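Under my numbering, the first residue of the sequence shown is numbered 727, with each subsequent residue one higher.
Encoded as structure tokens, the structure appears first; notes follow it.
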Amino acid sequence: MGGEPAVRLPGDTTPGPADPRSRAALVRFLRRSRFWTVASTGPEGAPQAAVVGVAVTDRLELVFDTLTSTRKSKNLRRDARAALVMYSGAATAQIEGVVDEPKDAELERVRADYLATFPDGAERITWPEITWVRVRPLWLRINDFGGAAPTTLELDAAALAALQA
């Protein structure tokens, strides 16, 4: 990462030097799409995918709600690895990470972020099977195919951990 040229993230018009590897720039880009596809591994090892509403926290966490009876919930409780994909125009983001279901103060924090993005989610809080899933990215790749030449930004677990610190 050190000597790489800084490439502006798709749609980023923030004044000043472009640094797509900043947490704020990544959060701004990832928030451009509220609906993502999440993939998990089924009990027989087959991939399973679903569209979910995702909120991106300032800490670069992805949060969605689901029912505990869904395939994705059961899959993620059994195997806490997930892959998520979003697109915005000609740009895409792919994320692989680990999931958990926050409790207590952490649940309140991520649920507040989720409800800021999806105010209608407040109606679901009392549902008996509702849960909130947090994804902590371990790998991220952003591709922008909208320019004269495609641009790519890829961050591994170490680079993402440095951003989340």
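Glycine included, each C-beta is placed from N, C-alpha and C at the ideal position.
What you are looking at is a predicted structure, and each value in this text was computed from that prediction instead of being measured.
Annotated three-state conformation of V780 is coil, per DSSP.
Rounded to the nearest whole angstrom, the CA to CA distance from A808 to R850 is 23 Å. Between D784 and V764, the CB-CB gap reaches or exceeds 8 Å. Straight-line spacing of the CA atoms in D870 and A750 works out to 18 Å. Here the region 769–781 does not lie against the region 818–835, with fewer than 3 beta-carbon pairs under 8 Å apart.
Along the length of the region 789–865, whole beta strand (DSSP E) runs at least 3 residues long occupy 807–814, 817–826, reported in chain order. CA-to-CA, the gap between K800 and G823 works out to about 17 Å.
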